[in-house]
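To start, the structure under review is shown below, and the notes come after it.
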Amino acid sequence: MKNWPLFEIFIRSKNGLDHRHVGSLHAADAEMAIENARDVYTRRMEGVSIWVVESKNITASDPSEAEALFEPAMDKIYRHPTFYDLPDELKHM
Amino acid sequence: MTIEELERKFQDRIDAEEKIEAKDWMPEEYRKTLIRQISQHAHSEVVGMLPEGNWVTRAPNLKRKAILLAKIQDEAGHGLYLYSAAETLGVERDSLIDDLHSGKAKYSSIFNYPAISWADMGAIGWLVDGAAIMNQVALCRTSYGPYARAMVRICKEESFHQRQGYDILLSLSRGNAAQKRMCQDAINRWWWPSLMMFGPNDAHSPHSAQSMKWKIKRVSNDELRQRFVDMTVPQCEILGMKLPDDKLKWNPERGHYDFGEIDWSEFNNVLKGNGPCNKERLADRLNAHLDGAWVREAAMAHSEKRARRTA
Chain A
499 MKNWPLFEIF IRSKNGLDHR HVGSLHAADA EMAIENARDV YTRRMEGVSI WVVESKNITA
559 SDPSEAEALF EPAMDKIYRH PTFYDLPDEL KHM
Chain B
44 MTIEELERKF QDRIDAEEKI EAKDWMPEEY RKTLIRQISQ HAHSEVVGML PEGNWVTRAP
104 NLKRKAILLA KIQDEAGHGL YLYSAAETLG VERDSLIDDL HSGKAKYSSI FNYPAISWAD
164 MGAIGWLVDG AAIMNQVALC RTSYGPYARA MVRICKEESF HQRQGYDILL SLSRGNAAQK
224 RMCQDAINRW WWPSLMMFGP NDAHSPHSAQ SMKWKIKRVS NDELRQRFVD MTVPQCEILG
284 MKLPDDKLKW NPERGHYDFG EIDWSEFNNV LKGNGPCNKE RLADRLNAHL DGAWVREAAM
344 AHSEKRARRT A
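Line by line, the protein sequences give chains A and B. Per our numbering, the very first residue in the first sequence carries number 499; after that it's consecutive. Per our numbering, the very first residue in the second sequence carries number 44; after that it's consecutive.
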């Protein structure tokens, strides 16, 4: 028999925080993926909310193209507040 | 880029303590080593449930039973974290499990020893899980990201395992004469196999050098074993029990405990499949898998039927 489909699991550890990727598991469907994620990833009160998504539905960037993808941000250091040289008298900004 | 350039760049990343992630380029041998090591580790978690399953219905009270169940459930979870980490390297779960069942893949030899008394649940938690933790803490810094993250999660949960084992032995060590004997007997039987868990001496460890270079492995077998001995001796003193090694002695010059030579012929014999429980463990594992086949099939059929209805 074929493997059950693979799901990626995201858990919100408490309200106010983002869902975070915690791992993956196989399940027959999304509902079972949530039940299994509850058993596997929240046995010690690690979560208040679970998202599951079938792994095949995730499109990921290609690591070998990381340079082309992220480098344009490197030469725009004026986007950081520390770029600006301000007078010492200026205490708060 | 040529393969040499790619390999050099890869090693540079490793040397700079960068983590390697699933889709990054990696040498084929790095991938193979990881699949072998991670799946072996996963199989050990899964087979490790079997000696303990023996005691669920015979735990001395409800509290101990609930704790043992929780520990076994953790181990199933640890197996899953590890299988998932292995799958990120492009292998199918089923093929990993087939390799376990066919005997092609190994699991930790420690689980080929029988758990014949309740005190064994204590000794397994304290010594076997203790040795495993020693190894796993070092692996939290392994170079492959998904493996390292699985290890962090596992280590968080494992310390409960070791404590519950020690707690069982502590109770027995404070009990009547028969309970004390039981405690000492379990320690006698599990001590040497636990030391063997760290694998062959560094001089005889075939894969170690390359694994250390790739930072899959961060600390050598002998060093981890020494750390384990140093940590365990004082814990045993608190139990008022004796570790079964006449050569065990504090060495002030080294700042470590000296200990006796491991019987590697026993280790190799168990590894070859001739341990007390090799056949039983594999048969139990295979039966559990086959007995569960109809559940897996039914769940899939159910989900397909529902998908058709909503389509």
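C-beta: ideal position from N, C-alpha, C; glycine also. Since the structure is predicted, the reported quantities are computational estimates derived from the model, not experimental observations.
What residues match up with residue i in a beta bridge as DSSP calls it?
i: Val551 (chain A); result: A:Glu506
i: Lys292 (chain B); result: B:Asp301
Can you look up residue i in the DSSP assignment and give me helix, strand or coil?
i: Val180 (chain B); result: helix
i: Gly521 (chain A); result: strand
i: Ile63 (chain B); result: strand
i: His299 (chain B); result: strand
i: Tyr187 (chain B); result: strand
i: Pro319 (chain B); result: coil
i: Lys574 (chain A); result: coil
i: Ala148 (chain B); result: coil
i: Tyr156 (chain B); result: coil
i: Asn501 (chain A); result: coil
i: Trp68 (chain B); result: coil
i: Pro249 (chain B); result: coil
i: His84 (chain B); result: helix
i: Ala526 (chain A); result: coil
i: Lys199 (chain B); result: helix
i: Met591 (chain A); result: coil
i: Met543 (chain A); result: coil
i: Lys75 (chain B); result: helix
i: Ala102 (chain B); result: coil
i: Arg217 (chain B); result: coil
i: Gly173 (chain B); result: helix
i: Glu135 (chain B); result: coil
i: Gly242 (chain B); result: coil
i: Gly206 (chain B); result: Note that residue 206 (chain B) corresponds to Arg in the displayed sequence, not to Gly. If DSSP states are grouped into helix, strand and coil, Arg206 (chain B) belongs with the helices.
i: Asp583 (chain A); result: coil
i: Arg261 (chain B); result: coil
i: Leu286 (chain B); result: coil
Over the uninterrupted beta strand (DSSP E) stretch that includes residue i, give me the two end residues.
i: Ser308 (chain B); result: Element bounds for Ser308 (chain B): not the beta strand (DSSP E) but the alpha helix (DSSP H), Trp307 to Asn312.
If residue i sits next to residue j, beta carbons under 8 Å apart, how far is it from one beta carbon to the other, in whole angstroms?
i: Phe505 (chain A); j: Glu552 (chain A); result: 6 Å
i: Ile211 (chain B); j: Met240 (chain B); result: That belief does not hold up - the Cβ atoms of Ile211 (chain B) and Met240 (chain B) are roughly 20 Å apart, past 8 Å.
i: Met284 (chain B); j: Ser216 (chain B); result: 6 Å
i: Arg184 (chain B); j: Ala191 (chain B); result: 7 Å
i: Ser522 (chain A); j: Ser127 (chain B); result: 5 Å
i: Pro277 (chain B); j: Ile167 (chain B); result: The pair is not a contact, with the Cβ atoms about 20 Å apart (cut-off 8 Å).
i: Ile63 (chain B); j: Ser186 (chain B); result: 6 Å
i: Arg510 (chain A); j: Ser547 (chain A); result: 4 Å
i: Leu125 (chain B); j: Ala181 (chain B); result: 16 Å between Cβ atoms; not a contact.
i: Leu105 (chain B); j: Asn178 (chain B); result: Going by Cβ atoms, the distance from Leu105 (chain B) to Asn178 (chain B) rounds to 33 Å, so no, they are not a contact pair.
Less than 8 Å separating the beta-carbons of residue i and residue j?
i: Trp307 (chain B); j: Ile57 (chain B); result: no
i: Leu170 (chain B); j: Ser254 (chain B); result: no
i: Ile81 (chain B); j: Ala158 (chain B); result: no
i: His345 (chain B); j: Ala526 (chain A); result: yes
i: Ser248 (chain B); j: Phe154 (chain B); result: no
i: His332 (chain B); j: Ile140 (chain B); result: yes
i: Thr100 (chain B); j: Pro189 (chain B); result: no
i: His144 (chain B); j: Arg297 (chain B); result: no
i: Ile197 (chain B); j: Leu286 (chain B); result: no
i: Ala98 (chain B); j: Leu112 (chain B); result: Note on residue identity: the sequence assigns Trp, not Ala, to residue 98 (chain B). Taking 8 Å as the Cβ cut-off, Trp98 (chain B) and Leu112 (chain B) do not qualify as a contacting pair.
i: Gly122 (chain B); j: Val89 (chain B); result: yes
i: Tyr156 (chain B); j: Pro319 (chain B); result: yes
i: Lys66 (chain B); j: Pro585 (chain A); result: no
i: Gly303 (chain B); j: Lys322 (chain B); result: no
i: His250 (chain B); j: Thr76 (chain B); result: yes
How far does the alpha helix (DSSP H) with residue i in it reach, from first residue to last?
i: Arg339 (chain B); result: Ala336 to Thr353
i: Leu97 (chain B); result: Per the sequence shown, the amino acid found at residue 97 (chain B) is Asn instead of Leu. Where Asn97 (chain B) is concerned, the enclosing alpha helix (DSSP H) stretches over Met92 to Val99.
i: Val272 (chain B); result: Asn264 to Leu282
i: Lys108 (chain B); result: Leu105 to Glu130
i: Trp257 (chain B); result: It is not in any alpha helix (DSSP H) - Trp257 (chain B) carries neither H nor E in the DSSP assignment.
i: Lys223 (chain B); result: Ala220 to Met239
i: Asp516 (chain A); result: No alpha helix (DSSP H) holds Asp516 (chain A); DSSP gives it neither H nor E.
i: Glu50 (chain B); result: Ile46 to Asp58
i: Met164 (chain B); result: Trp161 to Ala166
i: Ile467 (chain A); result: In the structure as shown, chain A starts at 499 and stops at 591, and residue 467 (chain A) therefore has no counterpart that could be examined.
i: Glu565 (chain A); result: Ala564 to Phe568
Tell me whether residue i, by its Cβ, gets closer than 7 Å to a heavy atom of the ligand SAM.
i: Ala102 (chain B); result: This structure lacks the ligand SAM; in fact it carries no ligand of any kind.
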